[in-house]
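Everything in the sequence shown is counted per this note's numbering, starting at 100 for the first residue and increasing by one.
All residues carry an ideal CB built from backbone N, CA and C; glycine is no exception.
Everything numeric in this text was worked out from a predicted model, so none of it was measured.
In what follows, a single structure is set out as structure tokens and then discussed.
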Amino acid sequence: METEVILEVERRDTAKYKSGYPLIVKEAVRKIDALVEEGTLIKLVDEHQQFIGRGYYGKQNKGIGWILSNNEDEEINEEFFERKLGAAFSKRKQLFRSKDTNAFRIFNAEGDGVGGLTIDYFNGYYLINWYSEGIYSFYPRIIAALKKLVNYEGIYQKKRFDTGGHYIEEDGFIEGKRAQFPIMVKENGVNLAVYLNEGAMTGVFLDQRNVRITLRDKYAKDKTVLNTFSYTGVFSVFAALGGAAKTTSVDLANRSLAKTIEQFSVNGIDYEAHEIIVEDVFHYFKYAAKKKKKFDIVILDPPSFARSKKYTFSAAKDYKNLLKEAIDITEDHGVILASTNCASFDMKKFKGFIDQAFKESGVKYSLKEEFSLPSDFRTSKTFKEGNYLKVVFIQRLG
Ligand code: SAH
């Protein structure tokens, strides 16, 4: 067995780790100076040196590593990853059989037992996301396990940690056939253009699948839709296919124009019948309010943090004000689709922001429905923070 560093858990935290909490944080363990190289195996013990769990050293956001097993006899070898991946893939059997969806998550980090690692499936292609140098050090074992378990067209990867600039030159190709980008995938019958070779993002956030189909099938018909922070415009495409009268997509990034035209075009929608605006959303809100523009549906899906030339936005601090701007330009009985992927607050707090925003605007509302992560984005019962997505459809009343 490879060497491992033994770390003692602080007394106040032992109960939590014994009940399966997977994230190792530096405040909970003693003598972390013994950790030098990312990927080093860690054995967590209590104050009596009794085994609690085995994991690895890898810095990622607030953590310094993840517990992989609470079974003292379990080794972290190729078979370990084969068991974890195999169990995860069999839980997605139904999605693999689906005729109208062939893009989804097949391995969701700690929700499937290995924090720091996700794998997405895109119509025959597999995309691995490594979230730390530490998990990346298991590359040979994980790739061997994956290759044993699946038939693939190709395997790609993205390193989602600081590689000292090496990341930029790579296209992420690992095995199989190089893809012609974009790869075309389907989600509930809708075509989506996906790129596995362009930076951290792929063009589509797979975790919004249930929200998109709901927008298309229950809300969009005959409505005017403003899609803010629109990225590649996928919400606009679903709204248009659901019969929206018109969509307006607003995003600050220059690339969003060509990318949005592409997502409309691969679905045979005339993008010229829609508006695609490259602009700061906060500036657009001011313009729309001044022109007394109103929309039947306003979509808010900002990043957790954003900084533009004039504005900074932090979801935890500023979501309430963002909602107030949206309320001002939503028609009476119109709907605001409010979404956030910010992990630092939960649904209860998010609903608190919503309530405050409407109260301060002097407008009544009703919550129509809400979403968190879809089932392929499995989460762990012992790590609630992992269920980061919060989406609420809110109807403006009066
Ligand atoms: N709603 C999108 C995903 C949004 S990703 C989807 O479902 O696909 C966040 C987007 O916000 C990025 O495309 C980024 O360019 C954009 N963005 C960040 N700050 C912005 C701002 N101030 N104004 C407009 N767009 C912004």
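| task | Return yes when the Cβ of isoleucine 141 is within less than 9 angstroms of the Cβ of tyrosine 120, no when it is not. | result | no
| Can you give the Cα-Cα distance for glycine 461 and leucine 295, rounded to whole angstroms? | 45 angstroms
| request: Note down the Cα distance separating serine 236 from alanine 243, rounded to an integer number of angstroms. | output: 13 angstroms
| query | Under 9 angstroms between the Cβ atoms of alanine 319 and leucine 291? | reply | no
| Burial state of asparagine 160 (16 or more Cβ within 10 Å) | With fewer than 16 other CB atoms across the displayed protein chains lying within 10 angstroms of its CB, asparagine 160 is exposed.
| request: Check whether the Cβ of glutamate 378 lies closer than 8 angstroms to any heavy atom of ligand 2, and answer yes or no. | output: Ligands displayed in this structure: ligand 1; ligand 2 is not among them.
| field | Length of the line joining the Cα atoms of valine 336 and asparagine 170 | value | 47 angstroms
| said: Just to check my reading of the structure: alanine 425 and phenylalanine 444 have Cβ atoms closer than 8 angstroms, yes? What is that Cβ distance to the nearest angstrom? | reply: That belief does not hold up - the Cβ atoms of alanine 425 and phenylalanine 444 are roughly 18 angstroms apart, past 8 angstroms.
| Cα-Cα separation, asparagine 326 to aspartate 475 | 25 angstroms
| Per DSSP, the bridge partner or partners of aspartate 350 | Answer by DSSP bridge pairing, in chain order: Val377.
| Thinking just about the alpha-carbon of each residue, which of Lys117, Gln494, Glu107, Ala187 is nearest to the one in isoleucine 435? | Of Lys117, Gln494, Glu107, Ala187, the smallest CA-CA separation from isoleucine 435 is found for Gln494.
| When you compare each of Asn176, Asp145, Ser168 to glutamate 101 by their alpha carbons, which one comes out closest? | Cα-wise, what sits closest to glutamate 101 is Asn176.
| Do arginine 191 and tyrosine 220 come within 9 angstroms of each other at the CB atom, strictly closer than that value? | yes
| What whole-angstrom Cβ distance do serine 329 and valine 349 have, given they're in contact under 8 angstroms? | 6 angstroms
| request: Apply the 10 Å Cβ neighbour rule to lysine 247 and answer buried if 16 or more other Cβ atoms are within range, or exposed otherwise. | output: exposed
| task | Give the range of the beta strand (DSSP E) segment to which serine 168 is assigned. | result | 162 to 168
| task | May I ask which residues mark the beginning and end of the beta strand (DSSP E) holding leucine 496? | result | 489 to 496
| message | Please list the terminal residues of the continuous alpha helix (DSSP H) segment that includes valine 333. | response | 333 to 340
| Status (buried if at least 16 other CB within 10 Å, exposed otherwise) for glycine 288 | Counting C-beta atoms within 10 angstroms of its own C-beta, glycine 288 has fewer than 16 neighbours from the protein chains shown and is therefore classed as exposed.
| query | Contact check, glutamate 503 vs glycine 233 under 8 angstroms by CB: the rounded distance? | reply | Residue 503 falls outside the range modelled here, since the chain spans only 100 to 497, and no answer is possible.
| task | Locate the beta strand (DSSP E) running through leucine 140, then write down its first and last residues. | result | Judged by DSSP secondary structure, leucine 140 falls within the beta strand (DSSP E) whose first and last residues are 140 to 144.
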